[in-house]
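Accompanying notes for the structure given below.
Protein chains: 6
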Amino acid sequence: MVDVGGKAVTSRQAVAEGFISMPPELIATLDRLKKGNAYEVARLAGMMAAKKTADLIPLCHTLPLDKVKLHFESEADRVRVTCTVACHARTGVEMEALTGVQVALLTLYDMGKAYARDMVIGPVRLLEKHGGKTGSWQADAL
Amino acid sequence: MVDVGGKAVTSRQAVAEGFISMPPELIATLDRLKKGNAYEVARLAGMMAAKKTADLIPLCHTLPLDKVKLHFESEADRVRVTCTVACHARTGVEMEALTGVQVALLTLYDMGKAYARDMVIGPVRLLEKHGGKTGSWQADAL
Amino acid sequence: MVDVGGKAVTSRQAVAEGFISMPPELIATLDRLKKGNAYEVARLAGMMAAKKTADLIPLCHTLPLDKVKLHFESEADRVRVTCTVACHARTGVEMEALTGVQVALLTLYDMGKAYARDMVIGPVRLLEKHGGKTGSWQADAL
Amino acid sequence: MVDVGGKAVTSRQAVAEGFISMPPELIATLDRLKKGNAYEVARLAGMMAAKKTADLIPLCHTLPLDKVKLHFESEADRVRVTCTVACHARTGVEMEALTGVQVALLTLYDMGKAYARDMVIGPVRLLEKHGGKTGSWQADAL
Amino acid sequence: MVDVGGKAVTSRQAVAEGFISMPPELIATLDRLKKGNAYEVARLAGMMAAKKTADLIPLCHTLPLDKVKLHFESEADRVRVTCTVACHARTGVEMEALTGVQVALLTLYDMGKAYARDMVIGPVRLLEKHGGKTGSWQADAL
Amino acid sequence: MVDVGGKAVTSRQAVAEGFISMPPELIATLDRLKKGNAYEVARLAGMMAAKKTADLIPLCHTLPLDKVKLHFESEADRVRVTCTVACHARTGVEMEALTGVQVALLTLYDMGKAYARDMVIGPVRLLEKHGGKTGSWQADAL
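Those sequence lines, one after another, are chains A, B, C, D, E and F.
My numbering puts the first sequence at residues 274 to 415.
My numbering puts the second sequence at residues 274 to 415.
My numbering puts the third sequence at residues 274 to 415.
My numbering puts the fourth sequence at residues 274 to 415.
My numbering puts the fifth sequence at residues 274 to 415.
My numbering puts the sixth sequence at residues 274 to 415.
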C-alpha cells in the first residue's frame, strides 16, 4: 500500500457512473419487484460497498468517508447509476465511487435476474475527481 | 432473502466475463507495475470478493464455494477477465461469478489509475450457468 | 464454540420480535424521510445483519441461512419488527432471528434520530423456534 | 449517507443503556457458565460491534473511535448494560453506543439461552450525548 | 481457489499449537490486567478469527465450523496456546486451527504490550489433523 | 478499549518480523507453485490483514493506515517476512505490523501445505516502533 503519509489531508471528491442494460418491461417494474424496490436495495448496497472499498481492493487505503450518494435514472432499455463520494483524507476517493457504482449495478442484476439473465453491465467509468495534488479532472464525453 | 430451503442441494456452476479498456502501453506493463503484478493482485481480489458476495449483495445467500477461478487475457487495448465459480448449494452462483469479475476489474483500474484515469469497464455479463431447477443456460454471442 | 458436530443437519426455524417507541408524527413519515424509506433501510440492514450473526456473537456458529424475512407493523406510538430465519444446519437460528430484529430496530432509530432522540427499543424476544433435538418452542404471551 | 464534510471535527461522546431480564438463578451463575464468563464475552462482543457500527447500520459513517467501554450491573432479575463511546469526528457516536449495548445484550442472551429461552431484552435507549453542533443532551428518567 | 467439489463431505479435525514468551511477572498477572483477563480476551479473539480464516487467507474455502476450542497453559516464561477445530466439509481445517492460534497469540501480545514490548511469538505449528483423503497426520516432537 | 482521546495525533511507525521454516526444495519453488506465486499471495494477505487488525484484536483501535509494506527474504531453510506500517493517529501501529506478518506467514503455510505439513512459524516479534509519547524503541538482537 503506497505511503500517503507525506500528503496533506484535503477535501476530496469523486463521481463515477455506470449502466446496466435491461428489458424495458423489467425496467418498468424495478421499483416494485416481488423481492422489493430494486433501486432502494441497490442504493443501500452501493453505499455500504463504498464504505468497504479498502476491504475489497487490496491496495486501497481505509478512508473515513464524509458522504456517499447514489443516484439512479432509468432510460428506455438501461439504468444509469452515479455515485458521488466525498472525504477529507490523504488520498482520493475514485475507487470508492467506482465500487459504489459496481455493487449497485450488481445488485440491480441480482434483483432482476429472475426475469432476465442476459443483462449487460457497462460502461462503468470515473466521471470526475477533485482535490489532492493533481487537482480536478473530468472525463471526456464518451 | 428468498426462501431456498425447499430446493435441493445440487452442484452449481457459473461463468462471468468482463472487460476493461486500457491504453496499450499500460497493458504492456500490467505484470510489472511499481505497485506489483496487476493480474496477480486482481486475481486475488476477485477470488476474495467472490467469497464475500453475500456480504455485498443484500439478498444473496451465504454459500460455501467449492471453487473460484479467475482468468485474464490481454487484448490490444483491453483486458478480459473471466471468473468461474462452483458450489454445492440450494441456489446458484451467478452473483458470485459476476462479483469476482467486477472486483477484479476494479482492482485492475486501481493498479493502473496512476497511468490512465479514463479506463472504461464493461461489458460485464454472465456467460453460462449450470445446475439447479432451471438447468443450463448460455449467453448469446454479444 | 460448542461442538455441534455430533448433531444432525435438520431444518431449523426461528421467529423473533421487537419494538421501538416513537412519536406518532415520526411514525407517520417513516416511509418517506429525507434519508429514505426507513422501513426499507431497516429491512435490508436486518437481513444483512442476520447473515453476520456469527461475526457479532462470539460463540455462534456460521450457518448458511436459507431464508431471512423481516416484517414491520406500525402501531400508534411504536413500530413492531419481526424476523423469521430458516436454515438446514446442526444448530438453531434463534440468535440470527434476534440479531435481525435488533439491527433493524437500531436502523429505525438511526433513521429517526434527527427527529427524536428519546426513542426506546424493547421488548425484544424470541417468539418461536422449530427443529433440532428440543423440537418446537413458543413464547408465552407477554 | 448524509454529507458531514462541512461539519467540524470535534470531541464527541455518547452513553447508551439496555437491560435483559433473566431468571435470578441464571444471573447468579453468569460469570461462570460452562460456555465461559458471560459478562466478559458480552463485553468484548459489544466492544467489537461498536467498531463495526458503520458496517451494520447502512447510513452510518465509519468513525475511528477513541474509546469504547462497557459496564454490566446485575439486578435481582435483570442485567443492565451501559456502553460509553468517544471519538473525534464530524458526526456523533450515538449509534455506536447503542450498537455496543445491543450486541452485548444479544451475547448475554446467547450465553444464557441453554438455561432460559424467554429472556426479554429492553428497554434500550440513549442516555446522553455530548459534542457537535447540538451540544449536550440527556435522557429523561424513564 | 482449488476446486474441492469432487471431494466428499467428511468429518475433519485439526489441532495447532503456539507459544509466546513473556516475563514471568507479566504471566503472573495475565488473568487480571487493567485491560481485562488476557486469556479470556485471547480465547474469544482466536475463536472469532478461526471463523474468519477464509477472509484472511486468500485461497482458503469458507467452511461452516462445528467446533473451535482454545486452550491456554502458562509455563515459567511463556504461554502455550492450542486451538482445536472440527468441521464437516470437503476440505480440512488446518488453516483454521493455525489462524485461531496466531490471533490468540497476537491478542496476548496486545494485552501485555504495555508491560513488555520484546515478547516473542513462536514456535507455531500444526500438531495433528484427521479426516479427508490423506487421513490422520501427527507432528513429530519438536 | 482504552481511551486514546487525550493523546495527540502524531506520525507513528512500526516494523515487525517473522519466520517460517520450510524444506529448501519448497523454498526454491515458492514463486511458481501450482496455486500461484506464494510471495505475492502472502504479500497481499498480509497487507489486507493489517487493515483488519481492529477487527481481529478486540481491544485495538481502528486506524486509517498511511502505509503497509511487506518484504520477503528467502534463506536456506526458512523465509523471513517483515511488515512496516505507518499512520497518523492517537495510538501506535505495533499490532498492525505484527498482524501483517502473522497473516503473511499463515498464507505462506497455506500455499506450501500440499508439500510439507511440518513447517514451523516463528520467531515473530516487533523490531522497532516510532512516534507517540514513548518515542522510539528498537528490539535487541535475538
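Even glycine gets a Cβ: it sits at the ideal position worked out from N, Cα and C.
At a cut-off of 9 Å between C-beta atoms, Y382 of chain E counts as an interface residue with respect to chain F. Measuring C-alpha to C-alpha distances from Y388 of chain E to each of E:A281, E:C356 and E:L306 identifies E:L306 as the nearest. The DSSP-derived three-state label of D339 of chain C is strand. In this structure V358 of chain B is in contact with G373 of chain B, their Cβ atoms being roughly 7 Å apart against a cut-off of 8 Å. Out of A:M384, A:H361, A:D383 and A:Q375, the CA that lies nearest to the CA of D276 of chain D is found in A:H361. Here P296 of chain D is exposed, its C-beta having fewer than 16 other C-beta atoms within 10 Å.
The bridge partners DSSP lists for T283 of chain A are A:A362. If you ignore the 5 residues before and after A311 of chain F, its C-beta comes within less than 6 Å of the C-beta of L303, L381 and M384, all in its own chain and listed in chain order.
Contact annotation: E369 of chain A and L338 of chain A have beta-carbon atoms nearer than 9 Å.
Spanning the alpha carbons of T283 of chain E and E346 of chain A requires a straight line of approximately 50 Å. The contact set of M321 of chain B on chain E, defined by CB atoms closer than 8 Å, consists of D328 and P331 in chain order. Under the 10 Å beta carbon count, D350 of chain D is surrounded by fewer than 16 other beta carbons and is classified as exposed.
Judged by DSSP secondary structure, E401 of chain E falls outside any alpha helix (DSSP H) and instead within the beta strand (DSSP E) spanning V393 to H403.
At least one beta carbon of chain B lies nearer than 9 Å to the beta carbon of R398 of chain A. Only A359, C360 and H361 from the segment 357-375 of chain A bring a Cβ to less than 8 Å from some Cβ of chain D. Contact annotation for G278 of chain A against chain F: S284, D339, K340, A359, C360 and H361 [CB-CB distance below 8 Å, chain order]. Within chain E, P331 and L332 have C-beta atoms less than 9 Å from the C-beta of L317 of chain B, given in sequence order. At a beta-carbon threshold of 9 Å, the residues of chain D lying near T335 of chain F are K324, T335, L336, P337 and L338, ordered along the chain.
Within chain D, R398, L399, A412 and D413 have C-beta atoms less than 8 Å from the C-beta of D391 of chain C, given in sequence order.
In the structure shown, the three-state DSSP call for R305 of chain E is helix. Here R363 of chain D is not near A287 of chain D, since their CB atoms are 9 Å or more apart. Assigned with DSSP and collapsed to three states, E367 of chain D falls in helix.
About 37 Å separates the beta carbon of M392 of chain B from that of V341 of chain C, a gap too long to meet the 8 Å contact definition. At a cut-off of 9 Å between beta-carbon atoms, V288 of chain C makes no contact with chain E.
One alpha carbon belongs to L336 of chain C, the other to A327 of chain C, and they sit about 8 Å apart. Between G395 of chain C and chain D, the shortest Cβ-Cβ separation is below 9 Å. Closest option to K402 of chain F, judged by alpha-carbon separation, among F:E367, F:A377 and F:L371: F:E367. If you look at Y388 of chain B, you'll find it isn't in any alpha helix (DSSP H); DSSP assigns it neither H nor E. With a beta-carbon spacing of about 7 Å, L317 of chain A and P331 of chain B fall inside the 8 Å limit used to define contacts. L378 of chain C has its alpha-carbon roughly 27 Å from the corresponding atom of C356 of chain A.
The beta-carbon of V314 of chain A is placed less than 9 Å from the nearest beta-carbon of chain C.
With 16 or more other Cβ atoms inside 10 Å of its own Cβ, Q375 of chain F counts as buried.
Annotation for K324 of chain F: the continuous alpha helix (DSSP H) segment containing it runs A311 to K324.
When C-alpha distances from G408 of chain D are compared across D:A414, D:G365 and D:G319, the shortest belongs to D:G365.
The beta-carbon separation of V352 of chain D and I300 of chain D, rounded to 6 Å, stays under the 8 Å limit for a contact. Looking at the DSSP output, A412 of chain E bridges to nothing.
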